[in-house]
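In this note's numbering, the protein residues as written are 406 to 520.
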């Protein structure tokens, strides 16, 4: 389903959610070819896999998207991995989780959302 509040349909991604996002989301998708996999049960939400992505912070993802500046919201809840959230101007966004590895802050897990 398309997001009703989007003015321009520029996201193509894997072809299943054309228009559910904009140019920044498409740039992010193309900037990391072959790493995005749809999250089962979450239509339009994708996780990024691979060694390259595990070391990539949210600010680097924003840069790849082509945004010059972005507001990053840090979300932390007790007992949960901290998250950084960015909403793209043209639709969609990024959520990165900082996974703990043996009680130490470890690798990132990036997700993108088409809507």
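Note that the Cβ used here is the ideal one computed from N, Cα and C, for glycine as well.
Check                                                                                                                                              : Outcome
If you scan the region 435-502 from start to end, which runs of the beta strand (DSSP E) of 3 or more residues do you find wholly inside it?       : 441-443, 450-453, 478-480, 488-492
Give a yes or no on whether the C-beta atoms belonging to residue 515 and residue 458 are separated by under 8 Å.                                  : yes
Shortest alpha-carbon distance to residue 438 belongs to which of 427, 418, 447?                                                                   : 418
Can you check whether the CB of residue 426 is closer than 8 Å to the CB of residue 496?                                                           : yes
Using 7 Å as the cut-off, classify the Cβ of residue 480 as near or not near the heavy atoms of the ligand NAD, replying yes or no.                : No copy of the ligand NAD appears in this structure; indeed no ligand is present at all.
With a threshold of 8 Å between beta-carbons, can residue 446 be considered close to chain B, or not?                                              : Structure shown: chain B not included; a single protein chain is present.
For residue 491, count the other beta carbons within 10 Å of its own beta carbon; 16 or more makes it buried, fewer makes it exposed. Which is it? : buried
Of all the options 464, 482, 483, which has the alpha carbon lying nearest to the alpha carbon of residue 475?                                     : 464
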